[in-house]
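Structure first, commentary second.
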Amino acid sequence: MDLRSLEDDFASHFMRIYLIRAKSLSAVHGSDKTCPTADAELEYATDAFRWLRNHSPRLSSSAKHELLESGLVPLCCWFCDHYFVDVPLSRSVLLQFLANFSVNHCEAQRIVFQDFNGTLRNFISSSDDSKLLNNSIMLLYNLCLYNTHFRQDVLKDEKVIKKIMEHWTHNEIEYSKIFLDSIFSSSEDFLCTYTNLSYTSKEQLTSMLSIWLDHYIEDVSLDVIYVIIDNFFINCTVEEITNNIVNVLAKASSIEKFKSDIKQHTPLLKKSMDILITIHEQGKDSNNDFSPVKGLSDLLVNFEIQKQHRFWFKSDIIRLIANMCYNHKEHQHLMGVNNIIPILLECCSFDAKNPCELHIHNIYIYIYSV
Numbered sequence: 001m002d003l004r005s006l007e008d009d010f011a012s013h014f015m016r017i018y019l020i021r022a023k024s025l026s027a028v029h030g031s032d033k034t035c036p037t038a039d040a041e042l043e044y045a046t047d048a049f050r051w052l053r054n055h056s057p058r059l060s061s062s063a064k065h066e067l068l069e070s071g072l073v074p075l076c077c078w079f080c081d082h083y084f085v086d087v088p089l090s091r092s093v094l095l096q097f098l099a100n101f102s103v104n105h106c107e108a109q110r111i112v113f114q115d116f117n118g119t120l121r122n123f124i125s126s127s128d129d130s131k132l133l134n135n136s137i138m139l140l141y142n143l144c145l146y147n148t149h150f151r152q153d154v155l156k157d158e159k160v161i162k163k164i165m166e167h168w169t170h171n172e173i174e175y176s177k178i179f180l181d182s183i184f185s186s187s188e189d190f191l192c193t194y195t196n197l198s199y200t201s202k203e204q205l206t207s208m209l210s211i212w213l214d215h216y217i218e219d220v221s222l223d224v225i226y227v228i229i230d231n232f233f234i235n236c237t238v239e240e241i242t243n244n245i246v247n248v249l250a251k252a253s254s255i256e257k258f259k260s261d262i263k264q265h266t267p268l269l270k271k272s273m274d275i276l277i278t279i280h281e282q283g284k285d286s287n288n289d290f291s292p293v294k295g296l297s298d299l300l301v302n303f304e305i306q307k308q309h310r311f312w313f314k315s316d317i318i319r320l321i322a323n324m325c326y327n328h329k330e331h332q333h334l335m336g337v338n339n340i341i342p343i344l345l346e347c348c349s350f351d352a353k354n355p356c357e358l359h360i361h362n363i364y365i366y367i368y369s370v
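Written out as structure tokens, the structure is:
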């Protein structure tokens with residue numbers, strides 16, 4: 001089939017679904033006595049959109065422009081909002097068509113985003129159909145891929161981001177993970193997303209980033225780690241720094257992809273030492289989040305300590321310091337100048353099975369082996 005024939009067939013299928021719409025509207029007003037049954041119409045329309053989906057990637061730019069001028073997208077809106085209202089499969093086919101049709105065509109992307117933006121967000125927020133969810137996320141992702149304005153608008157929508165985070169482990173909703181991959185690979189996207197989330201959602205996002213560092217490291221950008229350091233650690237008070245942020249930095253500092261760059265970040269080490277000094281002093285107050293926990297090793301058996309607000313915070317700070325001091329004489333010297341060693345040794349004395357002990361031991365070895 002040559003391009004001209006394809007475009008003629010495409011126009012023919014477009015007219016078929018347009019006529020279905022006209023018949024349906026006419027039937028509503030009681031003036032069309034020959035309208036097919038609802039089931040037959042639905043199957044007919046779905047097959048038409050399926051054909052359009054399969055063949056739209058081969059359309060020329062001018063043919064797409066003509067179809068847009070003919071009202072293609074408003075027609076799709078009508079089918080999605082009214083005709084396919086109770087048929088998730090048909091809606092999914094329609095969204096797949098729009099995704100294929102709008103690829104590499106700015107005008108189509110703009111019009112589809114303008115007319116379907118709200119519909120897609122509603123599907124993502126409320127639908128329980130996995131295919132419709134995946135295709136909604138897929139189309140929204142594709143529309144935002146090359147348009148910064150569209151993308152930032154979506155990334156600021158907490159309801160959408162929360163649903164994407166909720167579904168990423170479902171294999172049938174693969175575009176949830178693809179969407180999150182794109183956030184963790186772009187410092188601009190991560191910053192835009194994180195700063196517009198509530199506290200609970202921020203914790204969820206950074207917890208997922210920690211999972212990505214364990215299993216999908218190739219999809220995490222060093223620039224994202226730097227954004228976290230600069231915006232959510234270096235210039236923040238202890239109260240503003242969350243456990244998950246410290247965990248991400250501590251974990252990243254031990255990963256081959258990041259550790260050489262992180263190790264050279266002396267301001268990060270200085271901030272970490274300041275935090276350690278601060279929380280160690282605060283910990284001397286028995287009514288403080290950083291106070292020593294009696295029977296820590298016993299509590300760890302039943303994981304009861306997980307309920308404590310700052311559990312692992314101090315351990316991760318020490319792990320971060322340890323990784324930044326490894327084979328780095330300047331940083332090792334700073335540890336001595338700032339009297340960090342006595343604090344570390346005192347931490348060891350709280351509990352013989354303290355999870356910090358290994359990291360403290362490593363720092364001690366690093367410093368006194370040079």
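Counting from 1, one number per residue, gives the positions in the sequence shown under UniProt numbering. Each residue gets a CB set at the ideal place from its N, CA and C atoms; glycine is no exception. Note that the coordinates shown come from a computational prediction; the quantities given were computed from them, not determined experimentally.
Excluding the five sequence neighbours on either side, which residues of its own chain have a C-beta within less than 6 Å of the C-beta of T37, listed in chain order?
Legend: pLDDT at T37 = 47, less than 50; position of this residue unreliable, no value from coordinates given.
Can you list, in chain order, the residues of its chain whose CB lies under 7 Å from that of N135, leaving out five sequence neighbours each side?
Around N135: S92, L95 and Q96.
Let me make sure I understand the geometry here. Which of F232, M273, T278 and V220 has the alpha-carbon closest to that of F258?
With distances taken between Cα atoms, F258 lies closest to V220.
For N235, count neighbouring C-beta atoms within 10 Å of its own C-beta (all shown protein chains included) and say buried if the count is 16 or more, exposed if not.
Flag for N235 reads exposed.
Which term fits S31, buried or exposed, when burial requires 16 or more other beta carbons within 10 angstroms of its beta carbon?
Low confidence applies here, because S31 scores a pLDDT of 43, under 50, leaving its location unreliable; read the following figure in that light. By the 10 Å Cβ count, S31 comes out exposed.
Hey, out of V246, C76, I277 and L145, whose CA is closest to A45's CA?
Comparing Cα-Cα distances from A45 to each of V246, C76, I277 and L145, the minimum goes to C76.
By a C-beta neighbour count over all protein chains shown, 10 Å radius and 16 as the cutoff for buried, is A322 buried or exposed?
Label assigned to A322: buried.
Quick one: residues in its chain with C-beta nearer than 6 Å to the C-beta of E69, no 5 flanking neighbours on either side, listed in chain order?
Contacts found: none.
Go through the stretch 164-238 residue by residue and report every complete run of the alpha helix (DSSP H) that reaches 4 residues or more, in order.
With a minimum length of 4 residues, the continuous alpha helix (DSSP H) runs that stay inside the stretch 164-238 are 174-184, 187-195, 199-215 and 222-229.
Any idea what DSSP makes of W312, helix, strand or coil?
The answer is coil: DSSP assigns W312 none of H, G, I, E or B.
Of all the options E346, E203, S185 and L197, which has the alpha carbon lying nearest to the alpha carbon of V227?
Nearest of E346, E203, S185 and L197 to V227, Cα basis: S185.
Buried or exposed, going by whether 16 or more other CB atoms sit within 10 Å of the CB of T337?
Here the sequence assigns Val to residue 337, which means Thr is not the residue at that position. By the neighbour-count rule (16 or more Cβ atoms within 10 Å), V337 is not buried but exposed.
Specify the secondary structure class of V328 as computed by DSSP and reduced to three states.
In the sequence as presented, Val is not what sits at residue 328; that position holds His. It is coil, neither helix nor strand.
Taking only three categories from DSSP, how would you classify H105?
Coil.
Considering only the alpha carbon of each residue, which of R310, D261 and K314 lies closest to H280?
Out of R310, D261 and K314, K314 has the C-alpha closest to the C-alpha of H280.
Helix, strand or coil for T119, going by three-state DSSP, please let me know.
T119 falls in the helix class under three-state DSSP.
Give every residue of the same chain whose Cβ lies closer than 6 Å to the Cβ of I183, excluding the five residues on either side of it in the sequence, and list them in chain order.
Cβ neighbours of I183 beyond the five flanking positions: D189, F190 and T193.
Under a Cβ-count criterion, where at least 16 other Cβ atoms within 10 Å of its own Cβ denotes burial, should T242 be classed as buried or exposed?
Burial call: buried.
By the 10 Å Cβ neighbour count, where 16 or more other Cβ atoms means buried, how is V85 classified, buried or exposed?
Classification for V85: exposed.
Which stretch, first to last residue, makes up the alpha helix (DSSP H) that contains S62?
Start and end: S61 to E69.
Please report how far the alpha carbon of D223 lies from the alpha carbon of I262, in whole angstroms.
Answer to the nearest angstrom: the Cα atoms are 11 Å apart.
Can we say the stretch 127-141 touches the stretch 162-178, given the rule of at least three CB pairs closer than 8 Å?
Result yes; three or more Cβ-Cβ pairs closer than 8 Å.
Could you tell me the boundaries of the alpha helix (DSSP H) in which H149 lies?
Run containing H149: T148 to L155, per the alpha helix (DSSP H) assignment.
Taking just the CA atoms, how far does N142 sit from F116?
Distance between the alpha carbons of F116 and N142 is about 13 Å.
On the three-state DSSP scale, how would you describe I241?
In this structure, I241 counts as coil in the three-state DSSP scheme.
If you drop the 5 nearest sequence neighbours on each side, which residues of the same chain put their C-beta closer than 8 Å to that of H324?
For the record, residue 324 in the displayed sequence is Met; it is not His. Closer than 8 Å at Cβ, skipping near neighbours: S253, I262, K263, H265, L268, L269, S272 and H331.
Determine the contact status of M208 and L249, defining contact as a CB-CB distance below 8 Å.
Result no, Cβ atoms of M208 and L249 do not sit closer than 8 Å.
Using alpha carbons as the reference points, say which of L213, S187, S201 and Y199 lies closest to N231.
Closest option to N231, Cα to Cα, is S187.
Please state whether the Cβ-Cβ distance between F10 and L72 is less than 8 Å.
Contact: no.
Determine the DSSP secondary structure at I255, reduced to helix, strand or coil.
It is coil, neither helix nor strand.
Taking the alpha-carbon of M335 as reference, which of W212, D157 and I277 has the nearest alpha-carbon?
M335 has its Cα closest to that of I277, out of W212, D157 and I277.
Quick one: grab the DSSP three-state call for L98.
Residue state, collapsed to three classes: helix.
Is the beta carbon of I245 closer than 8 Å to that of T195?
Result no, Cβ atoms of T195 and I245 do not sit closer than 8 Å.
I'd like to check one pair, S60 with E7: are the Cβ atoms closer than 8 Å?
In this structure, S60 lies closer than 8 Å to E7 by Cβ.
So, using beta-carbon positions, are E239 and S201 closer together than 8 Å?
Going by C-beta atoms, E239 is not nearer than 8 Å to S201.
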